[in-house]
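Note sheet for the following structure.
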Amino acid sequence: MRLIELTSFYYTARYHSVTKAARRQEVGQSVVSQHVRRLEIEFGITLFDRSSRPYKLTVEGNAFLKLVIPIVDAASSLKDQIAHPEQHGAFVVGAYPDLVMHHLPKVIQPFREQYPDVRITLLARPYDSLLRLVKSGEVDMALCSPPSADDQNLDYLQLFSYNAVLLTPKNHPLANLQNIGIRDISQSSLILPGPESVIWQQVDRALEAQGIECDVTLSMDSFQSIKRYVEIDMGVAVVSDFTLLPEDLEHLSVVNLDHLFPGSAIGICTLKGKYLGPAVQNFIDKLAADLTGFRSALWEQPI
1 MRLIELTSFY
11 YTARYHSVTK
21 AARRQEVGQS
31 VVSQHVRRLE
41 IEFGITLFDR
51 SSRPYKLTVE
61 GNAFLKLVIP
71 IVDAASSLKD
81 QIAHPEQHGA
91 FVVGAYPDLV
101 MHHLPKVIQP
111 FREQYPDVRI
121 TLLARPYDSL
131 LRLVKSGEVD
141 MALCSPPSAD
151 DQNLDYLQLF
161 SYNAVLLTPK
171 NHPLANLQNI
181 GIRDISQSSL
191 ILPGPESVIW
201 QQVDRALEAQ
211 GIECDVTLSM
221 DSFQSIKRYV
231 EIDMGVAVVS
241 DFTLLPEDLE
251 HLSVVNLDHL
261 FPGSAIGICT
271 LKGKYLGPAV
281 QNFIDKLAAD
291 LTGFRSALWE
301 QPI
């Protein structure tokens, strides 16, 4: 039993005609007839009632067809996926939670409309976890800040840069302080992203360098939650400006901290040498087209 024989039977049953089955497969009628006959001999059954026109399946033929349909359909799907790999596949993307919430939807929605059979899995994780997931192969790519310059295992494509900012409640004393320093910030209860985040590590190094202790009252990886707790005056927060939305300015004051902390970037991190299929490459192209050069809407508003 060969796939070509099952295919000939499938189309003969579908069209009730050897002639149409042969035309569909671009072979001679005698070839199709031989294929069907070989199946009948191999399985010891009669598949068609040849006394009638058009051909009709026998009871055995109907039962056989039910078994053959998924085989032929799967083979056809396999050929299609090989011929058009960009239309199929599955991959895993890791990203910061706020990128998943606010930036990726506008990329994923049109991508899925163009490639509906491509399956995307999203993992929202902090910086250190994302790098580990890329290195272990558990994600195909991560949207995150750059890895260490001496890490030779990862490739990185920068999309946009960002700065650290201080969030305070409206009319907070720090909101109008000129040349704000890390010691000024440490006088207030501090809210930070989690310890694996770039922001936490920058703030921690700055405090340690000046021997300053600080009361961190809350640490979490959801910037939406951080903004809410600043709004209710639980503390002030250091966050990335790409997490801010124009409407945040209605409830919060924002102070640029690029004089205290070096700016960083968001880009696509992949494992060096890992094969990325056409579907993944298409998604990377879409990310690059939509997010390259992004600038926080914060800076389009008066602060």
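Residue numbers for the sequence shown follow my numbering, beginning at 1 and rising by one. For glycine and all other residues, C-beta sits at the position ideal for the given N, C-alpha and C. All values derive from a computational prediction rather than experimental measurement.
Assuming residue i is part of the beta strand (DSSP E), what are its boundary residues?
i    : result
S253 : L252 to N256
R236 : Before going on, a small fix: residue 236 reads as Val here, not Arg. From DSSP, the beta strand (DSSP E) with V236 extends over V236 to S240.
Under three-state DSSP, which class holds residue i?
i    : result
P126 : coil
F64  : helix
L71  : Sequence check: residue 71 is Ile here, not Leu. If DSSP states are grouped into helix, strand and coil, I71 belongs with the helices.
S136 : helix
S222 : coil
L190 : strand
L207 : helix
V93  : strand
L249 : helix
V230 : helix
R119 : strand
S76  : helix
I266 : strand
I303 : Note that I303 has pLDDT 46, beneath the 50 cutoff, so the model's placement of it is unreliable and the number below is only indicative. Coil.
T217 : strand
L244 : coil
L260 : coil
Distance check for residue j and residue i, CA to CA, integer angstroms please.
i    : j    : result
Q210 : I226 : 25 Å
T7   : I45  : 17 Å
A164 : G89  : 37 Å
A307 : D98  : Here the chain comprises residues numbered 1 to 303, so residue 307 is not present and cannot be evaluated.
S33  : A74  : 23 Å
Y10  : T58  : 14 Å
G260 : V203 : It is Leu, not Gly, that sits at residue 260 in the sequence shown. Approximately 9 Å between the Cα atoms of the pair.
Y229 : G235 : 7 Å
S188 : G194 : 18 Å
L159 : A265 : 7 Å
G277 : A288 : 17 Å
E250 : Q224 : 14 Å
V254 : I182 : 15 Å
P109 : Y115 : Note that residue 109 corresponds to Gln in the displayed sequence, not to Pro. Each residue's Cα considered, the two are about 10 Å apart.
A22  : V31  : 8 Å
E208 : S186 : 12 Å
P173 : S240 : 21 Å
K272 : V134 : 10 Å
L222 : S145 : Looking at the sequence itself, residue 222 is Ser, so the reference to Leu does not match. Cα-Cα distance, rounded: 17 Å.
L167 : R112 : 35 Å
Since residue i and residue j should fall inside the 8 Å C-beta cutoff, what is the C-beta to C-beta distance between them, to a whole number of angstroms?
i    : j    : result
L104 : L131 : The Cβ separation is near 19 Å, so there is no contact.
V139 : V93  : 6 Å
D215 : P169 : Not confirmed; about 17 Å, so no contact.
I191 : L218 : 5 Å
Q25  : V18  : The Cβ separation is near 11 Å, so there is no contact.
E5   : R38  : 6 Å
E196 : D128 : 4 Å
Does chain B have any CB closer than 8 Å to the CB of residue i?
i   : result
Y15 : Although the question refers to chain B, the structure presented lacks it and comprises just one protein chain.
Under DSSP, the alpha helix (DSSP H) around residue i begins and ends at which residues?
i    : result
R112 : P105 to Q114
V280 : P278 to L291
Where in the segment 9 to 55 do unbroken runs of the alpha helix (DSSP H), each at least 4 residues long, occur, reported from the N-terminal end onward? Segments of the alpha helix (DSSP H) lying fully in the segment 9 to 55: 18 to 25 and 29 to 43.
At which residue ranges does the segment 138 to 183 contain complete beta strand (DSSP E) runs of 3 or more residues, listed in the order of the chain? Whole beta strand (DSSP E) segments, 3+ residues: 141 to 144, 154 to 162 and 164 to 169.
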